[in-house]
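Read through the structure below, which is laid out as structure tokens, and then see the notes.
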Ligand SMILES: [Zn+2]
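In the working numbering, the protein residues as written are 61 to 345.
The following block contains the structure:
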């Protein structure tokens with residue numbers, strides 16, 4: 061699944077291509093979108109805003125409707141010049157939005173819905189803007205409360221709940237736990253409020269920093285002397301723990317562990333030494 065910062069970048073690029081310009085063509089292979097477009101045509105409307113909310117990409121039209129898409133595992137939005145060759149086969153196309161300069165194509169986008177402002181507010185799956193780590197109106201106190209409410213779940217899982225804190229993906233989950241010294245398998249109830257607050261602050265800092273770095277899909281959280289920010293082919297080289305199974309911890313030299321975690325079986329990396337369980341127990345990895 062794409063990280064929140066990847067969706068954020070996609071939204072920014074889409075915004076540059078579409079915002080403030082009238083749509084010339086709108087089409088979709090989804091009957092509900094086609095029907096909506098037949099009733100109130102998108103062509104002729106301006107794209108007023110493009111934004112990411114967690115892993116959702118939202119495109120707001122001047123007629124008041126918002127197209128909400130979620131990429132899940134395989135979906136993506138591409139931006140082409142007119143006449144440019146598509147990098148995916150035509151049968152993967154689900155949505156096309158064109159203006160006089162660009163053709164944006166949603167390939168294999170599995171979730172795509174038209175919303176009114178009211179239905180958008182009501183929709184529980186699309187994160188509110190104030191729990192998105194990348195938004196200026198991010199409300200850390202609210203997010204700390206939300207995390208604390210998941211007392212009996214492991215912090216590594218809770219950080220991935222997009223309705224609790226939006227924008228943290230699986231890479232950042234492990235990195236956030238490492239930089240705050242929290243064991244990802246620790247239940248939330250065993251953490252202090254200060255620890256939860258530290259994790260939330262780290263989430264904002266790490267995800268935000270990577271958006272600023274803006275170097276394609278490179279994710280950088282390791283700020284030590286081996287720091288590399290661009291042209292790095294080994295994804296683990298710029299990270300503290302993610303993808304570094306068996307390698308020495310950058311802080312203590314202990315070998316980095318790896319374990320499958322949670323109901324969605326996501327892979328988690330950590331250092332036993334730097335991230336002890338509060339009760340002194342150990343987690344095998
Ligand atoms: Zn360590």
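Think of the CB as a built atom: it goes at the ideal place given N, C-alpha and C, for glycine as much as any other residue.
All values reported here derive from a predicted model rather than from experimental measurement.
Verify the contact flag: residue i, CB atom, against every heavy atom of ligand 1, threshold strictly below 7 Å.
i: residue 237; result: no
i: residue 246; result: no
i: residue 311; result: yes
i: residue 213; result: no
i: residue 314; result: yes
i: residue 333; result: yes
Out of the options, which has the shortest C-alpha to C-alpha gap to residue i?
i: residue 106; options: 159, 270, 136, 140; result: 159
i: residue 169; options: 128, 192, 143; result: 128
i: residue 317; options: 250, 344, 229, 70; result: 344
i: residue 227; options: 263, 332, 132, 86; result: 263
i: residue 100; options: 337, 190, 175; result: 175
i: residue 205; options: 186, 253, 229; result: 253
i: residue 242; options: 144, 152, 90, 337; result: 337
i: residue 152; options: 144, 166, 143; result: 166
Enumerate in chain order the residues of its own chain whose CB-to-CB distance from residue i is below 6 Å, with the five nearest sequence positions on each side excluded.
i: residue 328; result: 216, 234, 244, 319, 321
i: residue 258; result: 240
i: residue 112; result: 67, 68, 71
i: residue 251; result: none
i: residue 307; result: 316
i: residue 80; result: none
Would the beta-carbon of residue i fall within 8 Å of that of residue j?
i: residue 214; j: residue 247; result: yes
i: residue 249; j: residue 211; result: yes
i: residue 116; j: residue 130; result: yes
i: residue 301; j: residue 198; result: no
i: residue 124; j: residue 177; result: yes
i: residue 315; j: residue 334; result: no
i: residue 88; j: residue 188; result: no
i: residue 224; j: residue 207; result: yes
i: residue 132; j: residue 85; result: no
What's the C-alpha gap between residue i and residue j?
i: residue 73; j: residue 341; result: 46 Å
i: residue 138; j: residue 222; result: 24 Å
i: residue 114; j: residue 265; result: 16 Å
i: residue 256; j: residue 219; result: 10 Å
i: residue 182; j: residue 203; result: 19 Å
i: residue 326; j: residue 231; result: 10 Å
i: residue 271; j: residue 309; result: 25 Å
i: residue 94; j: residue 83; result: 15 Å
i: residue 173; j: residue 92; result: 8 Å
i: residue 293; j: residue 261; result: Only weak support is given to the placement of residue 293: the predicted model assigns it a pLDDT of 48, under 50, and the value that follows is read from those uncertain coordinates. Computed Cα separation, rounded: 28 Å.
i: residue 126; j: residue 180; result: 8 Å
i: residue 149; j: residue 135; result: 13 Å
i: residue 141; j: residue 339; result: 58 Å
i: residue 191; j: residue 324; result: 22 Å
i: residue 97; j: residue 103; result: 8 Å
i: residue 299; j: residue 332; result: 17 Å
i: residue 90; j: residue 305; result: 42 Å
i: residue 229; j: residue 75; result: 22 Å
i: residue 330; j: residue 186; result: 30 Å
i: residue 121; j: residue 196; result: 22 Å
i: residue 209; j: residue 313; result: 35 Å
Please work out which residues of its chain come closer than 8 Å, Cβ to Cβ, to residue i, disregarding the five sequence neighbours upstream and downstream, and give them in chain order.
i: residue 268; result: 193, 194
i: residue 78; result: 107, 110, 119, 157, 159, 162, 164
i: residue 144; result: 163
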